[in-house]
Amino acid sequence: MSDFPDNTDGKKREYNRQSESKVANKTSFDDVDLAVLLGFADMQGEDEPDLIVELIDLYLADFPQQLSIMKDSVSRADEISLKRAAHTLKGSSGNLGINGIAAICQLIEETDSSQSFQNSNELINQMEEIFARVRLIFLAERQGRI
Amino acid sequence: MKILIAEDDEISRRVLQVTLAAEGYEVVATENGAAAWAILEKDDSPNLAILDWMMPEMDGLEVCRRARQQPTPTPVYIILLTAKALKADVVQGLDAGANDYILKPFNRDELRARVRVGKTVVNLQQNLAAQVKELENALIQVKLLQGILPICSYCKDIRNDQNYWQQLDHYITEHSEAQFSHSICPTCYESVVKKQLEKRAEKKLSNDKLPPNSNLRSI
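Chains as they are written, first to last, in our numbering: chain S, 1 to 146; chain W, 1001 to 1219.
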């Protein structure tokens, strides 16, 4: 017998519980693993602009764009566009060690279509909060390098 | 070695680029599948390509399929970058013609290791292709020495492909790996050389009988 009075609601609650749990687990660690970003220093070419500053600038410019696409996709109920933006942001965040945001993007990507838009807004808000903290860390790192 | 990257996300593309450039590879970066295919279609295209699966205009899977339809002795080694971790997706990627795949976000050590494997395969393919070419050329030379050769019944010269008469030894040297060391067989020695030597000895003997200042000595 189901633990939930209504099967659909039960699934929703279970999904929400799992999502929150996953996000909580992922974001309970540091928002960004700076060692990943600083690891690029080994690849710095001679007489070339600072690679880490370049990557920071790229990310700080790219995140708001992808976020805007995701918000717009949710408002238009465009699941394909939402998941594509989440996919892109997951890749770039993961490559720079921003694991909290990468984990949330993965959740959005994995969300099945019937649940997609109910949870995405909340997840997007969480991402924005993480980004605000990551941005400060990145700007401080950037400041120290120029 | 030249490596092609096709990745629409600028940050991932840059990370791929610097990681591979730091390993000494020459990197060509593109933003979508169509641009990647335009490069792979050309002669002297990169031997190894890293293609993102999901890209605008043409996805990595389609680039794989097109690359595999090209007849070439040295097919491009393709690594598919994918966030699709399901076995069915991996099978689909490999079936489309990818040699390998890396899950996104990728680990840079894994990327370097997989590219090294690709480089080994590319080198093996190139060596094999060079050896096949060498064998084909040798076969052409062997074929040239087969069939009917027009030869002069008297001087034994050969009429070559350009319709010129050529000495037999020169012809064979040009059309094979054979080289000649010239000497005289016993039969020819007896019939030709020995007679010439005897004739020369006789001439010397008669010269010796003439006075030293005789003009007949030079005749």
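Each residue gets a CB set at the ideal place from its N, CA and C atoms; glycine is no exception.
Residue i by DSSP, collapsed to three states: which one?
| i | result |
| --- | --- |
| ALA24 of chain S | At ALA24 of chain S the pLDDT is 42, less than 50, meaning the model places this residue with poor confidence; the figure from the coordinates comes in the next sentence. Note: ALA24 of chain S maps to helix in three-state DSSP. |
| PHE29 of chain S | Low local confidence applies: a pLDDT of 44 at PHE29 of chain S is under 50, so the model's placement there is unreliable, with the coordinate-based value given in what follows. Coil at PHE29 of chain S, not helix or strand. |
| ALA1006 of chain W | strand |
| ASP78 of chain S | coil |
| PRO1211 of chain W | coil |
| LEU96 of chain S | coil |
| TRP1053 of chain W | coil |
| LEU1086 of chain W | coil |
| ASP1043 of chain W | coil |
| LYS12 of chain S | Note that LYS12 of chain S scores a pLDDT of 42, beneath 50, so its modelled location is shaky; the value from the coordinates is reported in the next line. Three-state result, LYS12 of chain S: helix. |
| LEU1103 of chain W | strand |
| THR1072 of chain W | coil |
| ALA1029 of chain W | strand |
| GLN1146 of chain W | coil |
| ILE1140 of chain W | helix |
| PRO1186 of chain W | helix |
| MET1001 of chain W | coil |
Does the beta-carbon distance from residue i to residue j come in below 7 Å?
| i | j | result |
| --- | --- | --- |
| SER1176 of chain W | GLN1131 of chain W | no |
| ILE1050 of chain W | ILE1005 of chain W | yes |
| THR1173 of chain W | ALA1129 of chain W | no |
| VAL53 of chain S | ARG142 of chain S | yes |
| PRO1056 of chain W | GLY91 of chain S | no |
| LEU89 of chain S | GLN66 of chain S | yes |
| PHE138 of chain S | ILE56 of chain S | yes |
| ALA86 of chain S | CYS105 of chain S | yes |
| ARG1014 of chain W | GLU1007 of chain W | no |
| ALA1038 of chain W | MET43 of chain S | no |
Leaving out the 5 sequence neighbours to the left and right, which residues in its chain are closer than 6 Å to residue i when beta-carbon positions are compared?
| i | result |
| --- | --- |
| ILE98 of chain S | VAL32 and VAL134 |
| ALA1098 of chain W | CYS1064, ILE1078 and LEU1080 |
| ILE1003 of chain W | LEU1020, TYR1025, VAL1027, PRO1046 and LEU1048 |
| GLU1041 of chain W | none |
Under 8 Å Cβ to Cβ from residue i, same chain only, skipping five residues before and after it: list those, please.
| i | result |
| --- | --- |
| ARG1114 of chain W | ILE1079, ASP1100 and ILE1102 |
| VAL74 of chain S | LEU82, PHE117, SER120, ASN121 and ILE124 |
Thinking residue i and residue j are a contact (beta carbons under 8 Å), I'd like their distance in whole angstroms, please.
| i | j | result |
| --- | --- | --- |
| GLY1033 of chain W | ASP1059 of chain W | 6 Å |
| VAL1122 of chain W | LEU51 of chain S | Not confirmed; about 27 Å, so no contact. |
| ALA1067 of chain W | VAL1076 of chain W | 5 Å |
| LEU1168 of chain W | ILE1158 of chain W | 6 Å |
Have a look at the DSSP bridge pairing and note the partners of residue i.
| i | result |
| --- | --- |
| ILE108 of chain S | Partner(s): none; ILE108 of chain S has no beta bridge. |
| TRP1037 of chain W | DSSP output for TRP1037 of chain W lists no bridge partner at all. |
| GLN1166 of chain W | W:ILE1158 |
| ILE1151 of chain W | W:ILE1158 |
| LEU1080 of chain W | W:LEU1051 and W:TYR1101 |
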